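S.K.: Structure provided below as structure tokens; questions to follow.
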Amino acid sequence: MNDTKQSTEDLAILEQLNLDYNNADQASDAKRFSEFLAEDFIVQTPGVTRNRDEYLEYIANPRPFKDLALREAKIRILGDVALIHGRASYTMIADGAEQEALYTDVYQKREGTWVCVSACAIAPGA
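Residues 1 to 126, numbered by UniProt numbering, are exactly what the sequence shown covers, in order.
Given below as structure tokens:
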């Protein structure tokens with residue numbers, strides 16, 4: 001297969017997964033997350049590390065923020081692994097404070113499908 005075609009296709013898939021991740025986060029959509037999180041998924045946010053089940057339980061709760069907006073994302077495909085370095089903004093519901101998060105999500109192509117295996121976010125209040 002043509003590497004350029006494959007990487008263009010993979011890039012489009014990863015861009016959509018990045019949008020889906022952010023949209024599912026804002027919407028507390030644990031069902032959508034369950035479709036693309038690997039069984040061995042691990043996430044780290046300030047002060048806490050969660051496995052897949054813990055994260056899905058956490059996500060199912062109402063989010064403490066609103067107006068989550070993706071500001072930038074850089075996707076790097078390294079063979080069957082991809083890194084997404086992003087920046088998003090949001091507003092805390094409790095006090096209306098505007099916040100910004102930096103995140104790195106790691107995807108791996110397993111049996112032909114990209115799944116998120118790891119996420120790390122520097123996200124005040126979230």
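Ideal Cβ placement from N, Cα and C applies to all residues, glycine included. Owing to the predicted nature of the structure, the values given are computational and were not obtained by experimental measurement.
So what does DSSP say about A123, is it helix, strand or coil?
M.R.: coil
S.K.: Which runs of the beta strand (DSSP E), 3 residues or longer, sit entirely within the UniProt domain "DUF4440" (16 to 115)?
M.R.: 37 to 45, 48 to 51, 65 to 78, 81 to 92, 98 to 110
S.K.: So, E98 versus T104, is the Cβ gap smaller than 7 Å?
M.R.: no
S.K.: In chain order, what residues of the same chain have a beta carbon less than 7 Å from the beta carbon of A60, not counting five sequence neighbours either side?
M.R.: S28, A30
S.K.: Do you know offhand how far Y107's Cα is from E54's?
M.R.: 19 Å
S.K.: Roughly how many angstroms separate the alpha carbons of C120 and Q44, rounded to a whole number?
M.R.: CA-to-CA, the gap between C120 and Q44 works out to about 5 Å.
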